[in-house]
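Per our numbering: the sequence shown = residues 3 to 248.
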Amino acid sequence: MIFHVITIFPDYFDSPLKQGVIGRAIKEGIIEVNPIDLRSFTTDRHRTTDDRPYGGGAGMVMIPQPLAKAISSVKREGKDAPVILFSPSGQLFDHQLARELSCHKELILVCGRYEGVDQRIIDRFVDLELSIGDYVLSGGEPAALVVIDAVGRLIPGVLGSDESAVNDSFATGLLEHPHYTRPRRFIDMDVPEVLLSGDHKKIEEWRRKKSLEITLKRRPELLEKANLSPSDIRLLNQLKKEQDKG
Ligand code: SAM
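Now the structure itself:
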């Protein structure tokens, strides 16, 4: 999969993309990140990418010409990739959307700066406006890293067999159960006995119960869409009763 990233800060991506599973996947050629310097599509001496807003007001707006040229240059190479613009007003990014995006061979990610981009770029060139949360970043670059990471880890071969994404939070429709590792006792806290039992069925039941418990406590709205078995529903009813009592 190739992520083309249009940005005024192409160097921004150097170090983060050398690390961890995504760094390894890039090294192995499973995914490719292609930062595109927006300034190389400017025509003036100052390599200008922004101007004052029509109608007045604070801040600057990204001018349309370099953005249009940059997007068209990627598209011209025959790429039928969706163009995604990062924006706090966009659709909220979540696991379901990451899964949908992971089905494309290439994505074109456009990083805004200043007050954002000229609306005509959105109207003519953008397929999807995407927000990574209800807060304002100073630029789309951190959002691009979030999307590359979340989508990238869903590409076959990016995670090793012992790092499968199938049980991750949200992948099952629920939040994930807690994890424990060595030592068995830390300060005055012990690893739950069931995890040491070697009884795989009991361990799975305990993990499922914890997953349901955490989801019920922190993100109850996720339960409405989750794929729940009759035993999950029984457990949930029990947990709700305990919650009401406690
Ligand atoms: N004036 C804009 C507003 O109030 O919606 C904020 C612009 S922000 C300072 C500059 C750029 O950062 C945006 O154009 C966008 O590309 C990116 N950005 C900021 N917050 C974001 C978020 N929550 N999700 C995705 N991108 C974001």
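Beta carbons: idealized from backbone N, C-alpha and C, even for Gly. All figures in this text were calculated on a predicted structure; none of them were measured in a lab.
Between the Cα of residue i and those of the options, spot the shortest distance and give me the residue it belongs to.
i, options, result
"F257", "L69, P18, L94, R115", "The requested residue 257 is not part of the displayed model; the chain covers only 3 to 248."
"R220", "S140, V7, R41, H179", "H179"
"G175", "R184, L197, R210", "R210"
"Y56", "D120, T217, S199", "D120"
"I226", "F172, K212, E206, V193", "It should be pointed out that residue 226 corresponds to Glu in this sequence rather than to Ile. Of F172, K212, E206, V193, the residue nearest in Cα terms is F172."
"I205", "L139, H181, E223", "H181"
"K107", "L99, R122, R47, P84", "P84"
"Q93", "R101, K77, E79, E131", "E131"
"L109", "S213, E223, P37, E244", "P37"
"K77", "G31, H6, P222", "H6"
"V168", "R236, G248, H97", "H97"
"Q67", "T50, E79, L224", "T50"
"D16", "G31, A27, V35", "V35"
"W208", "L224, E223, L237", "L237"
"G31", "L224, L230, G159", "G159"
"Q245", "A228, L230, P222", "P222"
Could you check whether residue j and residue i sit closer than 9 Å to each other, using their CB atoms as the reference points?
i, j, result
"P18", "L147", "yes"
"I65", "D82", "no"
"V149", "I73", "no"
"M62", "Y116", "yes"
"G118", "S89", "yes"
"L24", "S104", "Before going on, a small fix: residue 24 reads as Ile here, not Leu. Taking 9 Å as the Cβ cut-off, I24 and S104 do not qualify as a contacting pair."
"G141", "T9", "yes"
"S133", "S91", "yes"
"R186", "V193", "yes"
"F11", "E143", "yes"
Tell me the rounded alpha-carbon separation between residue i and residue j.
i, j, result
"N239", "K203", "21 Å"
"K242", "F95", "30 Å"
"D190", "T183", "15 Å"
"R101", "R155", "10 Å"
"L161", "K29", "13 Å"
"H257", "S42", "One cannot answer for residue 257 here, as it falls past the ends of the chain, which runs 3 to 248."
"D234", "D151", "31 Å"
"I4", "L177", "29 Å"
"P232", "T217", "17 Å"
"A60", "G22", "40 Å"
"K212", "G135", "26 Å"
"V138", "D201", "47 Å"
"S166", "R54", "48 Å"
"I33", "K247", "50 Å"
"K71", "I123", "11 Å"
"L99", "C113", "18 Å"
"A27", "L40", "26 Å"
"S75", "D129", "16 Å"
"N229", "A145", "29 Å"
Just checking: is the beta-carbon of residue i within a distance shorter than 9 Å of some beta-carbon in chain B?
i, result
"L238", "Among the chains in the structure shown there is no chain B, since it carries only a single protein chain."
Quick check: does the Cβ of residue i come within less than 8 Å of any heavy atom belonging to the ligand HEM?
i, result
"A100", "Ligands present in the displayed structure are limited to the ligand SAM, and the ligand HEM is not among them."
Whose beta carbon lies closer than 6 Å to any heavy atom of the ligand SAM, going through the chain in order?
Residues with a Cβ closer than 6 Å to any heavy atom of the ligand SAM, in chain order: F88, S89, P90, S91, C113, G114, R115, E117, G118, S133, I134, G135, Y137, V138, L139, S140, G141, G142, A145.
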